[in-house]
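Here the structure is laid out as structure tokens; the discussion comes afterwards.
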Amino acid sequence: MKSRRKLWGALILLAVFHALILFAGFFAPYGFAVQDREMPFAPPTRLHFTDARGKVHLRPFVYGLKDDPANPGAYVADTSELYPLRFFVRGAPYKVAGLIESRLHLVGVEGDGRLFLMGTDGYGRDQLSRFLYGGQISLLAGLLAAALSVFLGVVIGALAGFYGGWIDELLMRGSEIFLALPWLYLLFAVRAALPLHIAEWQVFLLLVAVMGLIGWARPARMIRGVVLSAKERKFVLAARGFGASDAHLLFQHVLPQTYGVVFTQIALLIPQYVLAEVTLSFLGLGVGEPMASWGTLLSSLQQYYVLSSYWWMFLPALLLIPLFLGYYTMADALQERLKSVSL
Amino acid sequence: MRYLARRFVHAILLLLAVSFFSFALLQLAPGDFFDEMRLNPQISERTVEAIRAQYGLDRPLPVRYERWLGAMLKGNLGYSMATNSAVAPLLRVRARNTLLLSGTATALAWLLALPLGVWSAAKRGALGDRIGALATSAILTIPDMLLFLGLLLLAARTGWFPTGGMVSPGIGEANFWSRAKDIAFHLVLPAAGLALVMTPVLMRHVRAAMTEALDSPFIRAARGHGISRGRVLFRYALPAASNSLISLLGFSVATMLSTSMLAEVVLSWPGLGPLLVESIFSRDVYVVVAVVMLSSVFLVMGNLIADLLLFVSDPRIRLENE
Amino acid sequence: MRDARPAVFETVKDEPLVRVVGLSKQYVQRRGLGRRAFGLVAFEDVHLAIHRGRTLAIVGESGAGKSTLAKCLALLEKPTAGEIWFEGKNLFARGDRRGRLAMHRHVQLIFQDPTTALNPRFTAEEIITEPLVIQKMGTKDARRLRAQELMEQVGLPARSAAKRPLEFSGGQRQRLAIARALALEPKLLILDEALSSLDLVNQQTILKLLADLRETHSLTYIHISHDLRAVAEFADDVAVMSERRIVEQKPAAELFAHPEHPDTQALFAAMPSLESIYQRRLA
Numbered sequence: 005m006k007s008r009r010k011l012w013g014a015l016i017l018l019a020v021f022h023a024l025i026l027f028a029g030f031f032a033p034y035g036f037a038v039q040d041r042e043m044p045f046a047p048p049t050r051l052h053f054t055d056a057r058g059k060v061h062l063r064p065f066v067y068g069l070k071d072d073p074a075n076p077g078a079y080v081a082d083t084s085e086l087y088p089l090r091f092f093v094r095g096a097p098y099k100v101a102g103l104i105e106s107r108l109h110l111v112g113v114e115g116d117g118r119l120f121l122m123g124t125d126g127y128g129r130d131q132l133s134r135f136l137y138g139g140q141i142s143l144l145a146g147l148l149a150a151a152l153s154v155f156l157g158v159v160i161g162a163l164a165g166f167y168g169g170w171i172d173e174l175l176m177r178g179s180e181i182f183l184a185l186p187w188l189y190l191l192f193a194v195r196a197a198l199p200l201h202i203a204e205w206q207v208f209l210l211l212v213a214v215m216g217l218i219g220w221a222r223p224a225r226m227i228r229g230v231v232l233s234a235k236e237r238k239f240v241l242a243a244r245g246f247g248a249s250d251a252h253l254l255f256q257h258v259l260p261q262t263y264g265v266v267f268t269q270i271a272l273l274i275p276q277y278v279l280a281e282v283t284l285s286f287l288g289l290g291v292g293e294p295m296a297s298w299g300t301l302l303s304s305l306q307q308y309y310v311l312s313s314y315w316w317m318f319l320p321a322l323l324l325i326p327l328f329l330g331y332y333t334m335a336d337a338l339q340e341r342l343k344s345v346s347l
Numbered sequence: 027m028r029y030l031a032r033r034f035v036h037a038i039l040l041l042l043a044v045s046f047f048s049f050a051l052l053q054l055a056p057g058d059f060f061d062e063m064r065l066n067p068q069i070s071e072r073t074v075e076a077i078r079a080q081y082g083l084d085r086p087l088p089v090r091y092e093r094w095l096g097a098m099l100k101g102n103l104g105y106s107m108a109t110n111s112a113v114a115p116l117l118r119v120r121a122r123n124t125l126l127l128s129g130t131a132t133a134l135a136w137l138l139a140l141p142l143g144v145w146s147a148a149k150r151g152a153l154g155d156r157i158g159a160l161a162t163s164a165i166l167t168i169p170d171m172l173l174f175l176g177l178l179l180l181a182a183r184t185g186w187f188p189t190g191g192m193v194s195p196g197i198g199e200a201n202f203w204s205r206a207k208d209i210a211f212h213l214v215l216p217a218a219g220l221a222l223v224m225t226p227v228l229m230r231h232v233r234a235a236m237t238e239a240l241d242s243p244f245i246r247a248a249r250g251h252g253i254s255r256g257r258v259l260f261r262y263a264l265p266a267a268s269n270s271l272i273s274l275l276g277f278s279v280a281t282m283l284s285t286s287m288l289a290e291v292v293l294s295w296p297g298l299g300p301l302l303v304e305s306i307f308s309r310d311v312y313v314v315v316a317v318v319m320l321s322s323v324f325l326v327m328g329n330l331i332a333d334l335l336l337f338v339s340d341p342r343i344r345l346e347n348e
Numbered sequence: 004m005r006d007a008r009p010a011v012f013e014t015v016k017d018e019p020l021v022r023v024v025g026l027s028k029q030y031v032q033r034r035g036l037g038r039r040a041f042g043l044v045a046f047e048d049v050h051l052a053i054h055r056g057r058t059l060a061i062v063g064e065s066g067a068g069k070s071t072l073a074k075c076l077a078l079l080e081k082p083t084a085g086e087i088w089f090e091g092k093n094l095f096a097r098g099d100r101r102g103r104l105a106m107h108r109h110v111q112l113i114f115q116d117p118t119t120a121l122n123p124r125f126t127a128e129e130i131i132t133e134p135l136v137i138q139k140m141g142t143k144d145a146r147r148l149r150a151q152e153l154m155e156q157v158g159l160p161a162r163s164a165a166k167r168p169l170e171f172s173g174g175q176r177q178r179l180a181i182a183r184a185l186a187l188e189p190k191l192l193i194l195d196e197a198l199s200s201l202d203l204v205n206q207q208t209i210l211k212l213l214a215d216l217r218e219t220h221s222l223t224y225i226h227i228s229h230d231l232r233a234v235a236e237f238a239d240d241v242a243v244m245s246e247r248r249i250v251e252q253k254p255a256a257e258l259f260a261h262p263e264h265p266d267t268q269a270l271f272a273a274m275p276s277l278e279s280i281y282q283r284r285l286a
């Protein structure tokens with residue numbers, strides 16, 4: 005069925021994307037804070053197979069860059085030196101998931117060669133590396149916050165739907181208040197209430213906590229709806245007839261009915277939260293320098309000269325498209341399956 | 027009638043709860059504006075305390091809330107410590123600008139989404155519908171920020187449109203029409219961008235609502251009676267879908283103060299968005315809270331209006347609640 | 004109003020398995036914020052006696068409150084008045100919550116529609132063993148064996164233990180529901196219109212299965228039905244429910260021969276050949 009293929013396609017795309025980000029250290033030629041002061045705003049390095057003399061090399065190579073005397077600030081290729089691309093090189097150390105140390109990088113060039121596949125920013129930092137490392141911040145923030153929101157939504161929605169009565173009233177009134185506040189504004193306001201200059205990891209955790217704690221209302225309502233109808237099912241009544249406890253009913257019969265909604269909500273919330281983190285960081289309210297977050301990568305675009313002269317600074321934003329495509333497709337496919345099952 | 031009164035009271039209570047929430051937020055700010063002042067060796071601690079007392083920041087919490095709420099209701103939204111002016115007039119101007127932008131964008135979006143949505147629902151499965159679905163999905167997966175940045179780049183590179191602001195410098199003295207044209211000229215890019223972002227979502231919802239209406243048995247019976255396609259679409263299906271559409275409209279109105287935030291910041295439109303961001307940086311908490319409250323009021327009122335419209339248009343809701 | 008105390012009390016001498024005395028169930032609905040409350044009576048002042056090893060059929064038109072009565076008897080709902088005595092013990096005596104919980108082992112309910120009564124995500128084996136899991140009886144292997152035993156007893160092939168309810172036919176699903184009900188070795192089985200959703204052929208086979216099981220498991224049945232034919236074939240005693248009350252209760256033979264209450268007579272008027280069906284059965 006089409007929705008199954010869609011789902012698998014989306015999952016594979018997402019898995020690849022997330023693997024790249026998780027193993028950022030391996031795939032990135034450089035660290036995220038490494039500056040090359042001599043190469044600010046260098047354009048993306050071109051890979052060549054044929055050299056100036058017309059000889060074809062099997063292994064791709066790059067040229068060095070030197071300043072273009074005609075255009076101050078621009079660069080021109082220095083064809084005197086060839087730097088072949090090497091695979092599985094030893095480079096700067098990094099930690100995988102903060103635990104395992106390694107020095108192995110997928111690609112690299114030796115000596116004075118520079119491999120800036122996505123160009124550099126104003127400090128001469130490799131944008132590709134910063135994109136991969138930035139993903140660790142932005143994507144992780146989105147994932148954690150979405151998980152938190154949905155978890156809260158399940159707990160609150162299940163309690164409200166299953167027990168009804170005053171618990172339901174109380175919880176649903178609470179959710180109304182949260183829904184009456186525009187989400188993004190609320191996020192900003194809460195961020196405003198927190199100290200501006202605090203340690204990076206604190207900002208990160210705070211961001212995740214705030215996003216997660218604000219966004220439980222909609223998932224909670226949806227889950228409550230499912231729970232309300234699920235608990236009326238005859239097989240739940242039958243299980244009561246065997247003397248089942250509330251816990252048994254909830255975990256064995258009622259909550260499994262919510263899985264479809266849960267996964268769909270997660271798939272929809274992740275891009276929303278990633279975008280929120282990006283927005284905050286873009287405006288300087290999120291994770292700050294030198295940590296890379298996708299937002300910080302894009303924030304230099306607010307300056308006119310960057311926007312009009314250095315097109316490669318857009319690339320991080322473009323690379324977000326496959327990520328969103330993956331999550332939205334997944335959410336679509338899940339919603340289709342939900343509809344066909346419940347009919 | 028009682029239903030309407032009940033909904034209204036409900037909205038008021040909700041806003042009260044929101045106000046309390048916002049106020050609590052206010053108090054949460056660990057560093058306030060005066061920390062900066064305290065660091066200044068030329069200002070004595072006593073002066074700081076005196077100013078704080080003037081702003082009423084030294085009283086107990088419930089008293090402060092009461093005074094704050096009372097002042098708010100009278101239209102006094104506090105004092106912007108950063109710009110040294112009252113918040114209310116500041117907000118008024120910015121809110122007006124925001125409404126101008128989002129109002130235009132919303133109207134544009136609906137003008138596009140409604141016919142497109144209805145048409146693609148009517149021609150479900152046909153090539154046009156599928157292209158439409160593809161296009162909406164494509165636009166949806168592009169993050170809003172990228173779209174706005176792209177538009178900015180377009181303006182910068184081509185010079186067809188101004189790259190920011192609402193008015194050109196020095197236009198203040200010109201006559202009304204010149205000023206209006208100038209504003210309109212500046213409005214094009216942000217409004218177009220915002221409308222572009224809104225339309226796919228709206229169109230999907232319209233299409234879904236129409237599809238549901240078209241699938242209902244009574245529509246098929248109408249076709250079976252030989253009523254023409256066009257008549258069925260406009261005189262039968264559209265009214266049947268109107269419930270969802272009215273809710274959608276209410277939602278559009280409700281979010282009018284908040285959807286344009288990113289567009290305003292990226293494209294430098296002087297609305298509530300940039301104000302909020304500036305206030306956060308300058309720790310101007312009264313402005314922050316006022317902006318949140320104002321947009322919340324809009325949201326709740328928007329939903330209330332949607333409820334009212336539904337009540338008026340759908341006899342079933344009237345019956346249920348009388 | 005004729006005394007509804009059933010004549011069955013007199014004709015059968017030993018102590019009934021279940022005695023229902025003056026049972027009533029009323030639903031209270033609140034409108035708005037507790038202003039107007041109106042009550043909906045499901046059934047009122049019900050007296051029944053169910054004797055060991057016999058089948059009591061409760062008949063009446065739909066909407067007479069039979070299903071709610073079934074749920075109360077199976078302890079799935081609490082009655083608003085009256086008592087239920089099981090094996091001489093008052094079920095709703097104060098502080099006997101534990102006793103009521105244990106009651107679930109003795110009384111089981113078979114629902115009308117097996118498709119909704121079985122969780123479509125569970126396998127047949129999981130469905131049958133769920134009661135054992137809930138009551139914490141047996142090890143995993145012991146439970147699996149029991150499931151296979153029960154499947155055999157209801158006529159389901161043991162190899163379909165891993166199948167899900169949707170992979171079975173309607174009749175097989177009801178068998179599955181019966182197997183599940185038997186897991187805790189109940190003494191009383193309440194069949195709430197258990198045949199109504201099946202086609203005629205399946206109805207016959209399930210009826211036969213129930214009759215066999217009655218012997219092998221020493222079961223007592225309460226059969227709630229609006230199908231008088233099935234009742235004629237299956238019931239020992241019959242109680243007639245009309246307008247939320249029991250209006251008449253007699254052994255089946257007597258009732259079919261001499262229906263007294265006007266509602267009973269009206270019920271039978273639609274089916275003139277009932278007595279002959281019953282007679283055929285005795286022959």
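Those protein sequences? They're chains A, H and Y, same order as listed. If you use this note's numbering, the first sequence corresponds to residues 5 to 347, in order. If you use this note's numbering, the second sequence corresponds to residues 27 to 348, in order. If you use this note's numbering, the third sequence corresponds to residues 4 to 286, in order. Glycine included, every Cβ here is placed at the ideal spot set by N, Cα and C.
Check                                                                                                                                                                                         : Outcome
In the DSSP assignment, what residue or residues form a beta bridge with residue 88 (chain Y)?                                                                                                : Y:22, Y:93
Under the rule that 16 or more other beta-carbon atoms within 10 Å means buried, what is residue 251 (chain Y), buried or exposed?                                                            : buried
Can you name, in chain order, every residue of its own chain whose Cβ lies under 6 Å from the Cβ of residue 148 (chain A), other than the five neighbours on each side?                       : 212
Consult DSSP for residue 10 (chain A) and reduce its assignment to one of helix, strand or coil.                                                                                              : helix
Is residue 341 (chain A) close to chain Y? Criterion is C-beta to C-beta, closer than 8 Å.                                                                                                    : no
Measuring only the C-alpha atoms, how far is residue 246 (chain H) from residue 271 (chain H)?                                                                                                : 21 Å
Below 9 Å between beta carbons is the criterion; list the residues of the region 162 to 175 of chain A that meet it against any residue of chain Y, in chain order.                           : none
Under 7 Å Cβ-Cβ, which residues of chain H neighbour residue 359 (chain A)?                                                                                                                   : Only positions 5 to 347 of chain A appear in the structure, and residue 359 (chain A) is not among them; the question remains open.
Give a yes or no on whether the minimum CB-CB distance between residue 38 (chain H) and chain A is below 8 Å.                                                                                 : no
Please state the DSSP three-state secondary structure of residue 263 (chain H).                                                                                                               : helix
Does DSSP classify residue 80 (chain Y) as helix, strand or coil?                                                                                                                             : coil
How would you label residue 333 (chain A), buried or exposed, when you count the other beta carbons within 10 angstroms and need 16 or more for buried?                                       : buried
With H, G and I counted as helix, E and B as strand and the rest as coil, what does DSSP make of residue 111 (chain Y)?                                                                       : strand
Taking beta-carbon pairs under 9 Å, can you tell me which members of the region 243 to 268 of chain A lie near chain Y?                                                                       : 243, 244, 245, 246, 247, 248, 249, 252, 256, 257, 260, 261
For residue 271 (chain A), tell me which candidate among A:36, A:50, A:146 has the shortest Cα-Cα distance.                                                                                   : A:146
Around the C-beta of residue 312 (chain H), are 16 or more other C-beta atoms found within 10 angstroms, so that it is buried, or is it exposed?                                              : buried
Leaving aside the five residues before and after residue 263 (chain Y) along the sequence, list all residues of the same chain whose C-beta is less than 7 Å from its C-beta, in chain order. : 251
Can you name the start and end residues of the beta strand (DSSP E) that residue 226 (chain A) belongs to?                                                                                    : Residue 226 (chain A) -> not in any beta strand (DSSP E); alpha helix (DSSP H) instead, spanning 221 to 234.
If I measure Cβ to Cβ from residue 331 (chain H) and keep anything under 7 Å in the same chain, skipping five residues before and after, which residues do I get?                             : 276, 279
Just the C-alpha distance for residue 241 (chain Y) and residue 45 (chain Y), rounded to the nearest angstrom, thanks.                                                                        : 20 Å
Is residue 328 (chain A) closer than 8 Å to residue 169 (chain H) when the C-beta atoms are compared?                                                                                         : yes
For the region 137 to 157 of chain Y against the region 180 to 189 of chain Y, are there 3 or more C-beta pairs whose distance is under 8 Å?                                                  : yes
DSSP state of residue 149 (chain H), grouped into three classes?                                                                                                                              : coil
Return the bridge partner residues of residue 68 (chain A) from the DSSP annotation.                                                                                                          : A:82
Pairing CB atoms from the region 103 to 122 of chain Y with CB atoms from the region 227 to 244 of chain A, are three or more of them under 8 Å?                                              : yes
State the CB to CB distance for the pair residue 20 (chain Y) and residue 190 (chain Y), rounded to an integer number of angstroms; the pair is presumed to be in contact (CB under 8 Å).     : 7 Å
Measuring CA to CA, which of H:298, H:72, H:343 is closest to residue 320 (chain H)?                                                                                                          : H:298
Identify whether residue 93 (chain A) lies in helix, strand or coil by the three-state DSSP scheme.                                                                                           : strand
With a threshold of 8 Å between beta-carbons, can residue 175 (chain Y) be considered close to chain A, or not?                                                                               : no
Taking DSSP as the reference, what is the three-state secondary structure of residue 87 (chain A)?                                                                                            : strand
Is any beta-carbon of chain H found at less than 8 Å from that of residue 180 (chain A)?                                                                                                      : yes
Flag residue 239 (chain A) as yes if its beta-carbon sits less than 8 Å from any beta-carbon of chain Y, otherwise no.                                                                        : yes
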